[in-house]
Amino acid sequence: MSDLTLAAAVDNIYASLAANNEELDAHIVALKAALAREGIAEAVFDPGKLAQNNRQGRKLMQSYFKKRGVAVSFSAA
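For the sequence shown, the numbering used here assigns the number -2 to the initial residue and increments by one for each residue that follows.
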């Protein structure tokens, strides 16, 4: 597997979420590696691109990713 850019890793997460979480854990591992390579502490997602864009869905996503070692935040716009 080649090294993904952070933007590509985030796009893969969006695609996985839209495809009923298909291969989500593998994409989280790739995202974690991309964050480490770029020296960034947390991944920022656009809530408008999420399949479940409500408070419960965002908190569930944060919890799931945190258990896998990735801090998640959401952009304001």
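C-beta: ideal position from N, C-alpha, C; glycine also.
Out of the options, state which residue places its alpha-carbon closest to the alpha-carbon of residue i.
{"i": "A31", "options": "G66, A6 and G45", "result": "A6"}
{"i": "A23", "options": "S60, S70, L1 and Q49", "result": "L1"}
{"i": "V26", "options": "K56, R52, L3 and N17", "result": "L3"}
{"i": "Y11", "options": "A73, G45, L57 and K63", "result": "G45"}
Go to residue i, then tell me how far its beta strand (DSSP E) extends in each direction, as first and last residue.
{"i": "V77", "result": "The structure shown does not extend to residue 77, since the chain spans only -2 to 74, so no value can be given for it."}
{"i": "E39", "result": "E39 to F42"}
Within the same chain, show all residues whose beta-carbon is closer than 8 Å to that of residue i, passing over the 5 residues directly before and after it, in chain order.
{"i": "G66", "result": "K29"}
{"i": "E20", "result": "S13"}
Can you tell me where the alpha helix (DSSP H) with residue i in it begins and where it stops?
{"i": "L47", "result": "Here L47 belongs to no alpha helix (DSSP H), and DSSP marks it neither H nor E."}
Among residues of its own chain, excluding the 5 on either side of residue i, which ones have a beta-carbon nearer than 7 Å to its beta-carbon?
{"i": "S60", "result": "none"}
Going by beta carbon distance, what residues of the same chain come within less than 6 Å of residue i, once the five residues before and after it are set aside?
{"i": "A15", "result": "A48"}
{"i": "D43", "result": "S72"}
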